[in-house]
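Notes for the one structure printed next.
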Amino acid sequence: MTKTFTAPGAYRYTLKMRTDNGNPKTIATTVIEVKEAESPPEPTAQRVCPQDPAPQVVEIREADPRVDKPHHDLMLQKLVDNVGIANRTIVLGPNVELDFTGASPDQLPLNFGPCVTLTSAQAFDTGTSAASTASPDTLPPPARTPRSLGPLLKFGPHRSDDEKVFLSVDCPAPDPQLPPGPTNDNVRISGFRLYGPRFGQQYDYDIGILVHRCLNVEISNMEIAGWGGQGIQILDEGDAEHQPAEGPGQQPPNNGPGERIGHPEQVRVFHNYIHHNQHPRMLSNSHTAGYGVEVHHGAWARVYENLFDFNRHAIAAAGDTGGYEALRNLVLKGGGDHWPYFGIHTHQFDIHGTGDNGFGGRAGVRFEYANNAFQYQAGNAIKIRGRPQEAVNIHDNVFPHEGLENDWGDDAIAVENRSDLDVIHLGPNNTINNDSYGNYGVCDFDGDGIDDLFLATGQTWWFSSYGEFPWSYLSARTERLNQVRLGYFDADNRCDVLTESNGEWVIASGGTGPWQSIGAFGAPLSEVTFGRFDPSVRDHRPGATRRTTHAFRRMPSGQWQVTSLSAPAWQNIQSSSFPMSKLRFGDFTGDGVTDVLALQNGRWSISQSGQGRWQRLNPSLADDVSSLYVADLNNNNIDDLIKLERKVGYLGKDTVKETFTWWVSDDGRTRWRKLKSYTFQRSTRASLPPVFAFAGRFGAAPGGGVLLTDHGRIGRFYSEAEITRGASPDWSSPFAY
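In my numbering, the protein residues as written are 9 to 745.
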């Protein structure tokens, strides 16, 4: 299987579904097209590689110490032997696990040679060859995708301060007495997991990836977690007193003395999930660490479109650095523990100063913070602890904090010395009081027939495959959930996003495509919902993803209208005094056509396709329909109606007991039937995220399920349809939202 380029940034992937409590298991294979995120084009870096040896692809197809320890050890040594050879591309299979717990000192760190790529593949061509002369451009698609974790490299427990680095990309400065030697530029690390000693709080200084003076380095599509020092550390040869401004640096293969990395594009960190890198202060006045990405000693870096969670600092910089660009990143609520014993939290994006203990003095050269979205609120989002040589630009970011800087309440930005605001620029277009946590849409963005979660932060769009996997970047868009509608507006079975612009409705295909107009319909989205309202076009396939073909409008007068989305042509149908907020929509007759639901004469009633007269749906139930969830849980092609009940009690004055219960009315026609209950206890003094609820096509079995996000940001799924597959109806997301 090879990667097929269908358009710039688009590939054709073979992907697998999941079952059995969310554990990976192949139950079907489908070929779909997944468009990668749109990003501003990177400057083309000249890739100057040695002519000898010839490029070669080395495959490590299988390795797991729990399955076959001798074979695992052989494959581990194979990686060690090849990662330092120029022009090697090393490809890890999807189930590879290499554990370096017992590695000898000569096996660590893994020192990369020039033009080396370490990546992964979902599958390999048939055959027994372990090495190939194939071009890296024809590699299979990566094993790490939005819905598959990819292979794993484990560092093992902390060894010593002399053996603390796992992957090393090193271009040491030459001895002035000797001619310059080769450099290890043009390295690419992508498509697998890199785990440190442990995910909890640590007091050692282990480093996942160290980049020292090397150019054109890419770290992408990785999960990097469990490091007490730095997940990624980027170093050069600068110092606080003689830090040059941004410039060309050196161009490979040149390697002269002094600074070598001259601008951010030369080290790129993007599309990674970087989490649980934590190292707080102990009771004694100890040094702290726990950085997702750290830029130090004159280095520069571009850090963009990453997901951060549970880091002490997500991105940090020393005062003697050049600078970094933090662009379009998403920072979740976890982490920031600085002095846990006293409950003190710190900030997420950081610039140290060169003064005493990192306060005051010079704070690098130039930094940019743009289009980032923060959900973290336990401390500041950004803190600048000195004066930059040129500027810090902070604009177009989204913060949950009450204030921006030096305001009443908690502030998003902290500046050590406000006299530096002549070079620290706060704006334009920063947004405060906007916490996007829990504000999710439900739709299938990867076309596998299972619903995903959609997050619109106000600067960027993300999705969580199955609602179980970490957020994956979709595109840079400022529209929020209440400004868009989700549906299947084109014919590729992937969820699209629709909004209104200059009087027209426009869609972004798959949430990644450019805006494309579908016409001027003359109706604001506040009056409209979307579905399939043509009763002459029926579809009796249970669980099918059906194209969204029509718009339904309730005019201020109460008149209902529908139009095909192929061309604006509003037609009057029924009318009602019920406002749009008191109407719900679903297929309650099993014909694939959207019906309208309301509380009519004290009971649930429907108008078939919005064109029929009200007819009683349920003779017993009279709940307000505006709070109901709609999903086909039992896969009979008829939507069920679902509600969530919350009861609160107190266990003493400081403890709250909450019980959340899901209830279902099958097909909307039966009395309430209990689905599932959850009970949580929490302190009244604790500031915890609220609970959110969703319903959709969750789970691998045909049918649907419900989802509750608990106070720990973990998803609690329940689907009776899983029982028919022999699986438990209960499962949880392995990652926090």
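Virtual Cβ for every residue (Gly too), placed ideally from N, Cα, C.
Open item on the list: Tell me whether the region 707 to 722 and the region 295 to 314 touch, counting them as touching only if at least three CB pairs, one residue from each stretch, are closer than 8 Å.
Closed with: Here the region 707 to 722 makes no contact with the region 295 to 314; the two share fewer than three CB pairs at distances below 8 Å.
- [ ] Determine which residues share a DSSP beta bridge with Glu728 and list them.
- [x] The partner list for Glu728 (beta bridge, DSSP) is empty, contrary to what the question assumes.
TODO: Could you pull out every residue in the same chain whose Cβ sits closer than 8 Å to the Cβ of Pro102, ignoring the five residues on either side in sequence?
DONE: Ser128, Ala129, Gln130, Ala131, Ala151, Ser156, Gly158 and Pro159
TODO: Using three-state DSSP, classify Arg733 as helix, strand or coil.
DONE: In the structure shown, Arg733 sits in a helix (DSSP, three-state: H, G or I).
Task: Bridge-paired residues (DSSP) for Gln567 - done: According to DSSP, which records beta bridges pairwise, Gln567 is partnered with Ser583.
Open item on the list: For the pair the region 687 to 696 and the region 608 to 625, tell me if three or more CB-CB distances fall below 8 Å.
Closed with: no
Task: For Lys162, the first and last residue of its enclosing beta strand (DSSP E) - done: Leu160 to Lys162
- [ ] With His360 as the anchor, note down where its beta strand (DSSP E) starts and where it stops.
- [x] Per DSSP, His360 belongs to no beta strand (DSSP E) and is neither H nor E.
Open item on the list: By the three-class DSSP mapping on this structure, what secondary structure does Tyr474 have?
Closed with: In the displayed model, Tyr474 falls within a helix according to three-state DSSP.
Task: Residue nearest to Leu338 in terms of C-alpha spacing, selected from Gln524, Ser634, Trp347 and Tyr481 - done: Distances from the CA of Leu338 to each of Gln524, Ser634, Trp347 and Tyr481 were compared; the closest alpha carbon is that of Tyr481.
Open item on the list: Given this structure, state the Cα-to-Cα distance separating Gln64 from Cys123, to the nearest angstrom.
Closed with: 11 Å
- [ ] Sort Leu335, Gly264 and Lys391 by Cα distance to Ala325 and report the nearest one.
- [x] That would be Lys391, whose Cα lies nearest to the Cα of Ala325.
Task: First through last residue of the alpha helix (DSSP H) which encompasses Gln491 - done: Unbroken run through Gln491: none, as it is neither H nor E.
Open item on the list: Counting beta carbon pairs with one atom in the region 349 to 362 and one in the region 651 to 669, are three or more of them shorter than 8 Å?
Closed with: no
Task: Range covered by the beta strand (DSSP E) that runs through Asn319 - done: For Asn319, the enclosing beta strand (DSSP E) has its first and last residue at Leu315 to Asn319.
Open item on the list: On the criterion of 16 or more Cβ atoms from any shown chain inside 10 Å, does Ala735 qualify as buried, or is it exposed?
Closed with: buried
Task: Pick from Pro522, Ser509 and Trp578 that is closest to Phe541, judged by C-alpha positions - done: Looking at the Cα atoms, Trp578 is the closest of the given residues.
- [ ] Assign Thr520 to one of three DSSP states: helix, strand, or coil.
- [x] In this structure, Thr520 counts as coil in the three-state DSSP scheme.
- [ ] Can you check the region 583 to 667 for any beta strand (DSSP E) of at least 3 residues that lies completely inside it and give the ranges in chain order?
- [x] 592 to 594, 603 to 608, 611 to 615, 637 to 639 and 648 to 658
Task: Where the alpha helix (DSSP H) through Asn90 begins and ends - done: Lys77 to Asn90
Open item on the list: Comparing C-alpha positions only, which one of Ser635, Gly676 and Gly610 sits nearest to Asn644?
Closed with: Closest option to Asn644, judged by alpha-carbon separation, among Ser635, Gly676 and Gly610: Gly676.
TODO: Answer with buried or exposed for Asn398, where buried requires no fewer than 16 other C-beta atoms within 10 angstroms of its C-beta.
DONE: One detail in the question is off: residue 398 reads as Glu in this sequence, not Asn. So Glu398 counts as exposed.
Open item on the list: Between which residues of its own chain and Val6 is the CB-CB distance below 6 Å, once the five residues before and five after are set aside?
Closed with: Look at the range of the chain in this structure, 9 to 745, and you will see that residue 6 is not part of it.
Open item on the list: Using a 10 Å radius around the Cβ and a threshold of 16 neighbouring Cβ atoms, would you call Trp739 buried or exposed?
Closed with: Burial call: buried.
Open item on the list: Taking the straight line between their C-alpha atoms, what separation do you get for Asp460 and Lys655?
Closed with: 28 Å
Open item on the list: Measuring straight from C-alpha to C-alpha, what distance separates Gly366 and His304?
Closed with: 13 Å
Task: For Glu535, the first and last residue of its enclosing beta strand (DSSP E) - done: Neither: Glu535 is in no beta strand (DSSP E) and is coded neither H nor E.
Open item on the list: Quick check: the Cα distance between Ala559 and Ala531, rounded to an integer number of angstroms?
Closed with: 10 Å
TODO: Over the uninterrupted beta strand (DSSP E) stretch that includes Asn401, give me the two end residues.
DONE: Ala399 to His403
Open item on the list: Rounded to the nearest angstrom, what separates Ser678 and Leu625 at their Cα positions?
Closed with: Correcting the residue identity first, residue 678 is Thr in this sequence and not Ser. Rounded to whole angstroms, Thr678 to Leu625 spans 9 Å at the Cα level.
TODO: Determine the direct distance from the alpha carbon of Cys179 to that of Glu376, and round the result to whole angstroms.
DONE: 26 Å
Open item on the list: With a threshold of 8 Å, are at least 3 pairs of Cβ atoms found where one atom belongs to the region 219 to 234 and the other to the region 257 to 265?
Closed with: Touching, per the Cβ criterion.
Task: Residues bridged to Arg715 (per DSSP) - done: With the sequence shown as reference, residue 715 is identified as Leu, and Arg is not the correct amino acid for it. Paired residues: Phe702 and Phe725.
Task: N- and C-terminal bounds of the beta strand (DSSP E) containing Ile240 - done: Unbroken beta strand (DSSP E) run through Ile240: Gln238 to Leu243.
TODO: With hydrogens ignored, establish whether the beta-carbon of Phe702 is closer than 7 Å to any heavy atom of the ligand NAD.
DONE: Ligands are entirely absent from the displayed structure, and the ligand NAD is therefore not among its contents.
- [ ] Closer than 7 Å by C-beta to Arg289: which residues in its own chain qualify, once you throw out the five before and the five after it? Chain order, please.
- [x] Thr296, His346 and Trp347
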